[in-house]
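As they're listed, the protein sequences go chains A and B.
Residue numbers are given in my numbering: position 17 of the first sequence equals residue 17, and the series is strictly consecutive.
Residue numbers are given in my numbering: position 259 of the second sequence equals residue 259, and the series is strictly consecutive.
One structure below.
Protein chains: 2
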Amino acid sequence: MSKPNIALIGLGLIGSSLGHALKKNGLAAHISGYARSAETRARAMEIGFVDSVHETAQEAVIDADVVFFNTPLSVIKSLAEDIIPGLKDNAILTDVGSVKACVLKELTPLLDGRIHFVPGHPIAGTEQSGPDAGFAELFEERWCILTPDENTSLIAVEEVSKLWRGMGSDVTFMDADHHDLVLAITSHLPHLIAYNIVGTAAQLENDTRSEVIKYSASGFRDFTRIASSDPIMWRDIFLSNKDAVLEMLGRFSEDLTALQAAIRRGDGRYLEDVFTRTRGIRDSIIEAGQDTDSPNFGRDK
Amino acid sequence: MSKPNIALIGLGLIGSSLGHALKKNGLAAHISGYARSAETRARAMEIGFVDSVHETAQEAVIDADVVFFNTPLSVIKSLAEDIIPGLKDNAILTDVGSVKACVLKELTPLLDGRIHFVPGHPIAGTEQSGPDAGFAELFEERWCILTPDENTSLIAVEEVSKLWRGMGSDVTFMDADHHDLVLAITSHLPHLIAYNIVGTAAQLENDTRSEVIKYSASGFRDFTRIASSDPIMWRDIFLSNKDAVLEMLGRFSEDLTALQAAIRRGDGRYLEDVFTRTRGIRDSIIEAGQDTDSPNFGRDK
Numbered sequence: 001m002s003k004p005n006i007a008l009i010g011l012g013l014i015g016s017s018l019g020h021a022l023k024k025n026g027l028a029a030h031i032s033g034y035a036r037s038a039e040t041r042a043r044a045m046e047i048g049f050v051d052s053v054h055e056t057a058q059e060a061v062i063d064a065d066v067v068f069f070n071t072p073l074s075v076i077k078s079l080a081e082d083i084i085p086g087l088k089d090n091a092i093l094t095d096v097g098s099v100k101a102c103v104l105k106e107l108t109p110l111l112d113g114r115i116h117f118v119p120g121h122p123i124a125g126t127e128q129s130g131p132d133a134g135f136a137e138l139f140e141e142r143w144c145i146l147t148p149d150e151n152t153s154l155i156a157v158e159e160v161s162k163l164w165r166g167m168g169s170d171v172t173f174m175d176a177d178h179h180d181l182v183l184a185i186t187s188h189l190p191h192l193i194a195y196n197i198v199g200t201a202a203q204l205e206n207d208t209r210s211e212v213i214k215y216s217a218s219g220f221r222d223f224t225r226i227a228s229s230d231p232i233m234w235r236d237i238f239l240s241n242k243d244a245v246l247e248m249l250g251r252f253s254e255d256l257t258a259l260q261a262a263i264r265r266g267d268g269r270y271l272e273d274v275f276t277r278t279r280g281i282r283d284s285i286i287e288a289g290q291d292t293d294s295p296n297f298g299r300d301k
Numbered sequence: 001m002s003k004p005n006i007a008l009i010g011l012g013l014i015g016s017s018l019g020h021a022l023k024k025n026g027l028a029a030h031i032s033g034y035a036r037s038a039e040t041r042a043r044a045m046e047i048g049f050v051d052s053v054h055e056t057a058q059e060a061v062i063d064a065d066v067v068f069f070n071t072p073l074s075v076i077k078s079l080a081e082d083i084i085p086g087l088k089d090n091a092i093l094t095d096v097g098s099v100k101a102c103v104l105k106e107l108t109p110l111l112d113g114r115i116h117f118v119p120g121h122p123i124a125g126t127e128q129s130g131p132d133a134g135f136a137e138l139f140e141e142r143w144c145i146l147t148p149d150e151n152t153s154l155i156a157v158e159e160v161s162k163l164w165r166g167m168g169s170d171v172t173f174m175d176a177d178h179h180d181l182v183l184a185i186t187s188h189l190p191h192l193i194a195y196n197i198v199g200t201a202a203q204l205e206n207d208t209r210s211e212v213i214k215y216s217a218s219g220f221r222d223f224t225r226i227a228s229s230d231p232i233m234w235r236d237i238f239l240s241n242k243d244a245v246l247e248m249l250g251r252f253s254e255d256l257t258a259l260q261a262a263i264r265r266g267d268g269r270y271l272e273d274v275f276t277r278t279r280g281i282r283d284s285i286i287e288a289g290q291d292t293d294s295p296n297f298g299r300d301k
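In structure tokens:
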């Protein structure tokens with residue numbers, strides 16, 4: 001395949017970053033875009049990360065070789081149903097959703113032999129949303145996990161991999177169920193907990209709440225940043241990855257109950273043990289090059 | 001008082017930052033330092049954020065006008081017992097601990113009329129520890145909360161306030177119990193939860209754990225940063241602020257159980273409502289100038 005025509009379905013943070021990154025790296029012959037909101041479509045053209053926008057997903061994909069779904073998980077299936085009949089032979093569908101088994105299960109029966117699907121998940125994002133939030137470097141030096149199954153076309157996998165590598169990502173492969181379990185602990189549970197503690201604070205009496213805001217730099221602020229991520233996207237993630245999230249949440253709650261009991265009975269040794277063990281994980285993350293050991297936590301942003 | 005002689009008891013992150021900040025702003029005639037470890041004392045002299053170091057706290061405070069306790073909470077009382085008899089008349093003790101009612105309760109009976117105590121808490125820190133972690137700007141444009149009670153000398157409060165203002169802090173006053181309640185939700189609970197989720201991950205099977213590290217950028221990494229803070233310091237905080245932490249933890253757990261139930265029964269509307277409400281708190285923090293709305297979360301560190 002020479003440079004493909006690419007359709008972006010969904011023009012929010014990820015969709016707009018894909019547009020910027022594909023353009024920056026010269027990876028597409030043409031980038032067409034679709035978003036439900038006319039305002040978003042107009043803004044996308046204004047910013048210029050797409051070459052054309054269309055009022056329906058069907059129109060946006062007519063000439064597409066590769067279609068990226070960059071929408072909340074709950075609408076991918078019906079969008080796929082809408083566009084598959086009008087796609088070119090051998091067109092490739094791919095997505096960027098944070099849960100993979102559900103998408104694979106929903107889309108596989110819709111594929112009619114002419115069309116391929118490669119489930120994908122770039123481990124990249126910010127707490128921002130919308131077409132203005134994207135930037136070309138979002139995927140650089142970030143993992144992109146693809147979760148093809150035994151029926152997935154290898155040619156399609158290679159084509160999608162090439163695009164992600166072209167945008168600077170490290171492509172890796174994983175079983176969809178295993179991906180969902182790993183992400184439940186690395187991403188979904190942290191977001192749930194962040195949403196929860198910010199929600200707890202939001203229910204405090206008015207004057208205490210204003211002090212919480214005033215003194216948020218003492219730790220809370222970092223949770224509010226995570227908890228300001230897109231609500232619809234995250235609603236869909238928890239609904240789509242229910243089993244793995246409930247499993248990890250169960251473990252988390254057991255451990256939290258043990259910490260609570262240690263505080264209640266004044267067991268300093270238990271607390272110290274737990275707090276010391278957790279440092280090892282941090283060191284491994286720094287060793288793995290996934291973060292730096294910078295001493296100015298929360299100060300430079 | 002002209003420039004005071006200042007003694008720093010404890011030369012870790014906060015102690016070393018105090019030394020740097022006092023020197024940078026020319027606030028002390030002499031800075032003496034004490035740390036339990038000979039290595040830390042030697043390093044402090046090498047870095048140069050103190051003018052002298054001493055093998056005992058008693059020696060370090062002989063000429064001091066103001067003494068800062070920058071140690072874990074659990075050792076403040078016995079250090080105060082050791083040094084008070086040898087202090088000059090009208091010397092001022094102050095501290096930087098994250099819990100205030102306990103320190104006030106412990107130190108008040110030890111004051112013999114000659115000596116003043118001003119409880120303090122700078123809302124500043126990083127996840128780093130030790131004498132190399134400090135920097136002069138740590139307290140700049142940060143709140144410093146003082147929690148004097150009705151017996152505290154106003155002159156001593158003014159003297160301590162002047163030092164914090166001189167280091168660039170905004171000084172504010174609060175009742176000690178109320179401080180402990182506000183900090184329980186803004187700081188202590190976030191740290192407990194971060195320690196807990198990292199602890200939960202640390203107990204995963206080996207191969208899953210290595211993937212957790214590999215894909216930590218998806219949210220988990222930010223928790224590991226918080227959870228790499230000093231274990232002894234945090235052990236003492238939870239033991240010293242037991243009631244307020246257990247109260248806030250109780251509320252947090254109730255709210256988490258409700259979210260868990262919503263996920264289990266597939267109640268997307270409940271999830272969306274909670275996730276939307278939390279954005280308001282974030283907006284208030286940005287409005288209050290306590291954070292910026294930067295779009296590159298977790299990428300520049």
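Quick reminder that beta carbons are idealized off the backbone N, C-alpha and C, glycines included.
Just so it is clear, the structure is predicted and the values come from calculations on it, not from any experiment.
Of the residues the options, which one's Cα is nearest the Cα of residue i?
i             : options                       : result
residue 281/B : 234/A, 233/A, 200/A and 283/A : 200/A
residue 30/B  : 62/B, 252/B and 13/B          : 62/B
residue 190/B : 4/A, 193/A and 188/A          : 193/A
residue 134/B : 50/B, 219/B and 290/B         : 50/B
residue 176/A : 121/A, 213/A, 188/A and 155/A : 121/A
residue 228/B : 188/B, 127/B, 278/B and 291/B : 127/B
residue 161/B : 112/B, 132/B and 119/B        : 119/B
residue 16/B  : 84/B, 137/B and 59/B          : 137/B
residue 46/A  : 19/A, 205/A, 92/A and 57/A    : 19/A
residue 2/B   : 28/B, 139/B and 225/B         : 28/B
residue 168/B : 25/B, 256/B and 7/B           : 25/B
residue 13/B  : 140/B, 271/B, 130/B and 253/B : 130/B
residue 7/B   : 72/B, 87/B and 244/B          : 87/B
residue 242/B : 249/A, 259/A, 66/A and 164/A  : 259/A
Contact criterion: CB-CB distance below 7 Å. Does residue i meet it with respect to chain A?
i             : result
residue 106/B : no
residue 195/B : yes
residue 266/B : yes
residue 297/B : Caution is warranted here: a pLDDT of 34 is assigned to residue 297/B, below 50, making its placement in the model unreliable, and the coordinate value is therefore given only provisionally. Yes, because at least one Cβ of chain A sits closer than 7 Å to the Cβ of residue 297/B.
residue 291/B : yes
residue 190/B : yes
residue 302/B : Absent from the model: residue 302/B. The displayed extent of chain B is 1 to 301, so no value can be given.
residue 11/B  : no
residue 173/B : no
residue 286/B : no
Quick one: what's residue i bridged to in DSSP?
i             : result
residue 94/B  : 68/B and 118/B
residue 52/B  : 32/B
residue 145/A : 121/A and 172/A
residue 7/B   : 32/B and 67/B
Could you check whether the Cβ of residue i sits closer than 7 Å to any Cβ belonging to chain B?
i             : result
residue 201/A : yes
residue 211/A : yes
residue 270/A : no
residue 21/A  : no
residue 223/A : yes
residue 217/A : yes
residue 17/A  : no
residue 251/A : yes
residue 231/A : yes
residue 165/A : no
residue 100/A : no
residue 274/A : yes
Rounded to whole angstroms, how far is the Cβ of residue i from the Cβ of residue j, which I believe are closer than 8 Å?
i             : j             : result
residue 101/B : residue 230/B : With a Cβ gap of about 21 Å, residue 101/B and residue 230/B do not count as contacting.
residue 278/A : residue 21/B  : With 8 Å as the limit, residue 278/A and residue 21/B do not qualify as a contact, their Cβ atoms being about 29 Å apart.
residue 111/A : residue 77/A  : Not quite, the Cβ-Cβ distance comes to about 12 Å (not below 8 Å), so this is no contact.
residue 33/B  : residue 41/B  : 7 Å
residue 172/A : residue 155/A : So it is not a contact: roughly 19 Å between Cβ atoms.
residue 212/A : residue 237/B : Going by Cβ atoms, the distance from residue 212/A to residue 237/B rounds to 17 Å, so no, they are not a contact pair.
residue 196/B : residue 95/A  : Not a contact, Cβ separation roughly 32 Å.
residue 226/B : residue 222/A : 7 Å
Under 6 Å: does the beta carbon of residue i sit that close to some heavy atom of the ligand SAM?
i            : result
residue 59/B : The ligand SAM is absent from the structure shown, which contains no ligands of any kind.
4-residue-minimum alpha helix (DSSP H) runs that sit fully inside the region 146–220 of chain A, ordered along the chain: 154–166, 176–183, 189–202 and 206–214
- prompt: If you scan the region 214–278 of chain B from start to end, which runs of the alpha helix (DSSP H) of 4 or more residues do you find wholly inside it?
  reply: Qualifying alpha helix (DSSP H) stretches, in chain order: 220–226, 231–240 and 242–265.
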